[in-house]
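Under my numbering, residue 94 is the last one in the sequence shown; the count climbs by one each step, no gaps. Glycine included, each C-beta is placed from N, C-alpha and C at the ideal position. Take a look at the structure below.
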Amino acid sequence: MLATGNGTPAVAVAETVEELLALEEIQRREVEADLAKPSNETTAAVQPDIASKVAAIAKTWVNMRAGPSDDARVLMVVPGSADIQAETDCG
Numbered sequence: 004m005l006a007t008g009n010g011t012p013a014v015a016v017a018e019t020v021e022e023l024l025a026l027e028e029i030q031r032r033e034v035e036a037d038l039a040k041p042s043n044e045t046t047a048a049v050q051p052d053i054a055s056k057v058a059a060i061a062k063t064w065v066n067m068r069a070g071p072s073d074d075a076r077v078l079m080v081v082p083g084s085a086d087i088q089a090e091t092d093c094g
């Protein structure tokens with residue numbers, strides 16, 4: 004053991020290969036004891052609320068953008084009178 008003299012815990016120092024292996028084994032057991040035991044419980048992933056969709060028709064041409072801003076990049080253009088799937092609360 005290496006004494007620190009300043010109130011901090013002493014640290015074990017290996018002087019031989021055998022002591023090193025013994026210290027590594029002690030450390031491995033301490034780490035394993037700190038790890039949580041695996042659970043047999045089965046959990047389901049949280050699913051986001053998905054709004055139900057209904058068949059609809061686009062009234063006019065619509066720019067589908069990368070974000071909620073008029074400055075966002077246009078990803079695609081939906082032509083007027085196109086068949087689409089819309090959320091039920093879409094007006």
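Item	Value
So what does DSSP say about V16, is it helix, strand or coil?	coil
Just how far apart, CA to CA, sit W64 and A54?	23 Å
Determine the direct distance from the alpha carbon of D37 to that of M4, and round the result to whole angstroms.	At M4 the pLDDT is 49, less than 50, meaning the model places this residue with poor confidence and gives no usable figure here.
Mind listing, in chain order, the continuous alpha helix (DSSP H) runs of no fewer than 4 residues lying wholly within the segment 54-90?	none
Is it true that the CB of Q88 sits closer than 9 Å to the CB of K56?	yes
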